[in-house]
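Novice: Quick one: structure below, then a few questions.
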Amino acid sequence: MSDIDANKLRRLDGGLLLVFRELLRTRRASETATRLGLSQPAISHALRRLRELFDDPLFVRRPHGFEPTKRAVELGPQVEALIELAGQALTPDARFDPKLSRRQFNFGAPEFVTALIGAALINRLRAEAPGVTFGVDHVAEDDAYKALRRGEIDLALGRFGAARPGYVTEPLFEDAYCVAVRRGHPQIDGAITEPQWRETGHIFAWSHSETGADAGNSGTGVKMLAAVPQWLTVLMLAASTDGIATAPRRLVERHADKLGLQVLDLPFPPNSIAVSAVRRAGHEDAGLDWFLDQIRAAAGA
83 MSDIDANKLR
93 RLDGGLLLVF
103 RELLRTRRAS
113 ETATRLGLSQ
123 PAISHALRRL
133 RELFDDPLFV
143 RRPHGFEPTK
153 RAVELGPQVE
163 ALIELAGQAL
173 TPDARFDPKL
183 SRRQFNFGAP
193 EFVTALIGAA
203 LINRLRAEAP
213 GVTFGVDHVA
223 EDDAYKALRR
233 GEIDLALGRF
243 GAARPGYVTE
253 PLFEDAYCVA
263 VRRGHPQIDG
273 AITEPQWRET
283 GHIFAWSHSE
293 TGADAGNSGT
303 GVKMLAAVPQ
313 WLTVLMLAAS
323 TDGIATAPRR
333 LVERHADKLG
343 LQVLDLPFPP
353 NSIAVSAVRR
363 AGHEDAGLDW
373 FLDQIRAAAG
383 A
């Protein structure tokens, strides 16, 4: 640890973290003071110290209250995690209590995973942990590992290559590709042939955080209509045009009725989609253990 880091740590205390958290939640100094049992001058003094420590304004005064800067928003989940961990360390038999926690969990995931598990995960949190929230970043594999190492995300979900030292990887769910076309398509009804698959225009999902266009057969000779960055956009376009989409089956089945889509088998063996969860090794975190359980349940819903 450098001298600069050590100096900053000596100047940082739990009281400052609590002030930061409450300002981020309430956006008002008076309400923060009331919640923490402090005077408004004490809140102002704490805010000055926080600004010096983080070399950022953090909160800008507006007519409606304090508006957090981008840096403050980024720091929010990390400060919340620090407070949770400090509480666990100071209470010998502390356990994560989802009904009382106000923690925000952050994870990286492709859009198709978020679209598949997001609603079930929200419903589980509302029922079991009303103060717990989550945020998602769409990040590619290498960026996900970097974000895990820096503590910017708690988990990474997606398709990963070989296991890497310092990380724990576990299978989450498996899927495979299918074809999605609109109901009432003029050429395709109930099944699709390989010539139809190749000659009917495709709408592809294209993003570094997504699964890629590896449906299970060579892409040569395939007609493309469009490439867009989100799977749900792909499905909406397929539902409104005569284009077709080769997409993860569970995602298509989840939205087929709402969008009016046929769910068809590919005319050749599809590649499988194996989705895993990755976290840092050697970091005990009862809250993260609990949250991963919720993700597992949402993935199985």
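Numbering-wise, the sequence shown is residues 83 to 383 according to the numbering used here. Ideal placement from N, C-alpha and C gives every residue a C-beta, glycine not left out. Note that the structure is a prediction, hence the values are computed from the model and not measured.
Based on DSSP bridge pairs, tell me the residues matched to M306.
Specialist: Here residue 306 corresponds to residue number 224 of the sequence shown, with the count starting at 1. The partner list for M306 (beta bridge, DSSP) reads H284.
Novice: Within this structure, are the beta carbons of P150 and L140 separated by less than 8 Å?
Specialist: If you number the sequence shown from 1, residue 150 lands on position 68. If you number the sequence shown from 1, residue 140 lands on position 58. In contact: P150 and L140 (Cβ atoms closer than 8 Å).
Novice: Can you find the residues in the same chain that come closer than 8 Å, C-beta to C-beta, to R265, ignoring five residues on each side of it along the sequence?
Specialist: Indexing the sequence shown from 1 puts residue 265 at position 183. Answer for R265: G342, L343 and Q344, listed in chain order.
Novice: Can the beta-carbon of E162 be found less than 8 Å from the beta-carbon of Q186?
Specialist: Indexing the sequence shown from 1 puts residue 162 at position 80. Indexing the sequence shown from 1 puts residue 186 at position 104. Yes, these two residues count as a Cβ contact at 8 Å.
Novice: May I ask you to verify whether the region 328–339 touches the region 242–254, counting CB pairs closer than 8 Å and requiring at least 3?
Specialist: Taking 8 Å as the limit for Cβ pairs, the verdict is that the region 242–254 does not touch the region 328–339.
Novice: On the CB-based measure, 16 or more other CB atoms within 10 Å of its CB, does S300 come out buried or exposed?
Specialist: As a working mapping, residue 300 is identified with position 218 in the sequence shown. In this prediction, S300 has a pLDDT of 43, which is less than 50 and means its spatial position is unreliable; nothing more can be read from the coordinates.
Novice: Are there 16 or more other CB atoms within 10 angstroms of the CB of L129, so buried, or fewer, so exposed?
Specialist: Position 47 of the sequence shown, counted from the start, is the residue given in the question as residue 129. Answer is buried; the Cβ neighbour count reaches 16.
Novice: Could you give the C-beta distance for L230 and V360, rounded to a whole number, given that I count them as a contact under 8 Å?
Specialist: What you label residue 230 is simply residue 148 of the sequence shown in a count that begins at 1. What you label residue 360 is simply residue 278 of the sequence shown in a count that begins at 1. About 7 Å; that satisfies the 8 Å criterion.
Novice: Counting along the chain, where does the beta strand (DSSP E) carrying Q344 start and finish?
Specialist: In the sequence shown, residue 344 corresponds to position 262, counting from 1. Unbroken beta strand (DSSP E) run through Q344: L343 to L346.
Novice: Could you check which residue in M318, T328, A321 and Q312 has the C-alpha nearest to that of M306?
Specialist: Start at 1 with the first residue of the sequence shown, and residue 306 comes out as number 224. If we check each option's Cα against that of M306, T328 comes out closest.
Novice: Considering just the uninterrupted stretch of the alpha helix (DSSP H) at D225, what are its terminal residues?
Specialist: Here residue 225 corresponds to residue number 143 of the sequence shown, with the count starting at 1. Here the alpha helix (DSSP H) through D225 covers E223 to R232.
Novice: Applying the 10 Å Cβ sphere with the 16-neighbour rule, what's the burial state of T114?
Specialist: In the sequence shown, the residue the question calls residue 114 occupies position 32. T114 is buried by the Cβ-count criterion.
Novice: Nearest-angstrom Cα distance between T282 and L182?
Specialist: Numbered from 1 along the sequence shown, position 200 holds the residue referred to as residue 282. Numbered from 1 along the sequence shown, position 100 holds the residue referred to as residue 182. The straight-line gap from Cα to Cα measures roughly 53 Å.
Novice: In the DSSP assignment, the alpha helix (DSSP H) including V195 goes from what residue to what residue?
Specialist: In the sequence shown, residue 195 corresponds to position 113, counting from 1. Residues E193 to E210.
Novice: Could you check whether F178 and D236 sit closer than 8 Å to each other, using their CB atoms as the reference points?
Specialist: On the sequence shown, position 154 is the one that residue 236 refers to. On the sequence shown, position 96 is the one that residue 178 refers to. Taking 8 Å as the Cβ cut-off, D236 and F178 do not qualify as a contacting pair.
Novice: Report the partner residues of L237 according to the DSSP bridge assignment.
Specialist: Position 155 of the sequence shown, counted from the start, is the residue given in the question as residue 237. Looking at the DSSP assignment, L237 forms a beta bridge with F189.
Novice: For a test of the three-state rule: what should DSSP assign to I274, helix, strand or coil?
Specialist: Here residue 274 corresponds to residue number 192 of the sequence shown, with the count starting at 1. In this structure, I274 counts as coil in the three-state DSSP scheme.
Novice: Output the residue ranges of the alpha helix (DSSP H) runs that lie fully inside the region 88–167 and measure 4 residues or longer, sorted by chain position.
Specialist: Entirely contained in the region 88–167, the alpha helix (DSSP H) runs reaching 4 residues are, in chain order, 96–108, 111–118 and 122–136.
Novice: Taking the Cβ atom as the reference point for each residue, do P352 and Y259 lie within a distance shorter than 8 Å?
Specialist: Translated into the one-based positions of the sequence shown, residue 352 becomes position 270. Translated into the one-based positions of the sequence shown, residue 259 becomes position 177. Taking 8 Å as the Cβ cut-off, P352 and Y259 qualify as a contacting pair.
Novice: With DSSP as the reference, please indicate the residues paired to T251 in a beta bridge.
Specialist: By 1-based counting over the sequence shown, the position of residue 251 is 169. For T251, which the question treats as bridged, DSSP gives the partners V360.
Novice: Measure the Cβ-Cβ separation of S358 and E234 and say whether it is below 8 Å.
Specialist: Within the sequence shown, residue 358 is the residue found at index 276, counting from 1. Within the sequence shown, residue 234 is the residue found at index 152, counting from 1. No, these two residues do not count as a Cβ contact at 8 Å.
Novice: By a C-beta neighbour count over all protein chains shown, 10 Å radius and 16 as the cutoff for buried, is T196 buried or exposed?
Specialist: Position 114 of the sequence shown holds residue 196. The residue is buried, with at least 16 neighbouring Cβ atoms inside 10 Å.
Novice: To the nearest angstrom, how far is it from the Cα of G158 to the Cα of L106?
Specialist: Reading the sequence shown from its first residue, position 76 is the one you call residue 158. Reading the sequence shown from its first residue, position 24 is the one you call residue 106. Whole-angstrom Cα-Cα distance: 7 Å.
Novice: For L239 and G248, what's the separation of their Cα atoms in angstroms?
Specialist: Position 157 of the sequence shown holds residue 239. Position 166 of the sequence shown holds residue 248. For L239 and G248, the distance between alpha carbons rounds to 16 Å.
Novice: Go to F373, then tell me how far its beta strand (DSSP E) extends in each direction, as first and last residue.
Specialist: Sequence index remark: in the sequence shown, residue 373 carries index 291 (1-based). F373 -> not in any beta strand (DSSP E); alpha helix (DSSP H) instead, spanning A368 to G382.
Novice: Buried or exposed: where does D257 fall if 16 or more other Cβ atoms within 10 Å of its Cβ makes it buried?
Specialist: The residue you call residue 257 lines up with position 175 of the sequence shown. Buried is the call here.
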